[in-house]
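This report refers to the structure that appears directly beneath it.
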Amino acid sequence: MEDKLTKIINRYWVLFSHVPTSEEKMHHHIWKTLHKTEEALTTFSLLLRSKQTKPVCNYLENIFNNYQDDEPLLDYLKDLSHLLTWEFGYDELPDNLKERYAFAELLGPRGMVISDELILGLVLLAPNTYYPRHRHPNITETYICLYGSCSIDLQNQRNVLQKNDYLFVPKGNLHAIFSDKDNPCLLAYAWTSDAKTLKTNQMKLESY
Ligand SMILES: [Fe+2]
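For the record, in the sequence shown the residue sitting at position 80 is 80 according to full-length UniProt numbering, with numbers rising by one throughout.
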């Protein structure tokens, strides 16, 4: 289990190390993501929470059965998926989204691997899902598409993400995600901020 988690976190490091950084804010965010990942792997302090699934997790089987065999992260996740804590993260979530969305954290202040200024996680969307506009006032975010495809509207500009594509979301920027109409979408994400913000962050949708 420690071994599998190490492989997963290492693979996040590799994926994020391949993200080209053009501007300074993004460069700093990716640098911090890599630096904090290395730090967490050195101390490797584990905090395991109780396993939790959500209705959208039914699509994981579909993903694990159909992905092209060229992304080691999906191999590792397949082995560990029974241990993940899938959550909604919002106090108020539209009913249809409860069936179609969830996220899981792999590294961060709440575990599974403890880190203070970085969260690494997964977002899972059912096919044909609209994840409404939201913003994270003090958190900088990068998404990498692991499976399927989606469009992310960022400050009213549409970005299409297919496998291995990434999108940088500066702190405070409004964004919304639409998954492909026929396939589920699995995204990896990194959040960087100060320790307090990551520990106490409450998510809120702007509109739905
Ligand atoms: Fe977000």
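Ideal placement from N, C-alpha and C gives every residue a C-beta, glycine not left out. Only a predicted model underlies this, so the values are computations on that prediction, with no experimental measurement involved.
query, result
"6 Å CB neighbourhood of V160 in its chain, flanking five on each side removed", "S151"
"Boundaries (first-last residue) of the alpha helix (DSSP H) holding T6", "E2 to S17"
"Nearest to N128 (by Cα), restricted to the options T42, Y12, T33 and L97", "L97"
"6 Å CB neighbourhood of Y76 in its chain, flanking five on each side removed", "K4, K7 and I8"
"Neighbourhood of K32 by C-beta distance below 6 Å, restricted to the same chain and skipping five residues each side", "T192"
"Span of the alpha helix (DSSP H), counted from its first residue to its last, around P72", "P72 to L80"
"Proximal residues to F16 (C-beta, below 8 Å), its chain only, five neighbours per side dropped", "I30, T33, L34, T37, T142, I144 and A190"
"Backbone secondary structure at F178 - three-state DSSP", "strand"
"CB of L187 within 7 Å of CB of V113, strictly", "no"
"Beta-carbon proximity check, R49 vs G111, cutoff 7 Å", "yes"
"Where the alpha helix (DSSP H) containing F64 begins and where it ends", "N58 to N66"
"Cα-Cα separation between E206 and R133, rounded to whole angstroms", "5 Å"
"E87 beta carbon near ligand 2 (any heavy atom closer than 6 Å)", "Only ligand 1 can be found as ligands here, which leaves ligand 2 out of the picture."
"Alpha-carbon to alpha-carbon, Q202 and N10", "28 Å"
"Presumed contact (8 Å Cβ cut-off) between V169 and L154, rounded CB distance", "6 Å"
"N-terminal and C-terminal residue of the beta strand (DSSP E) that I119 is part of", "L118 to L125"
"Per DSSP, the bridge partner or partners of W191", "I119 and E141"
"Y130 versus L74 - alpha carbon distance", "24 Å"
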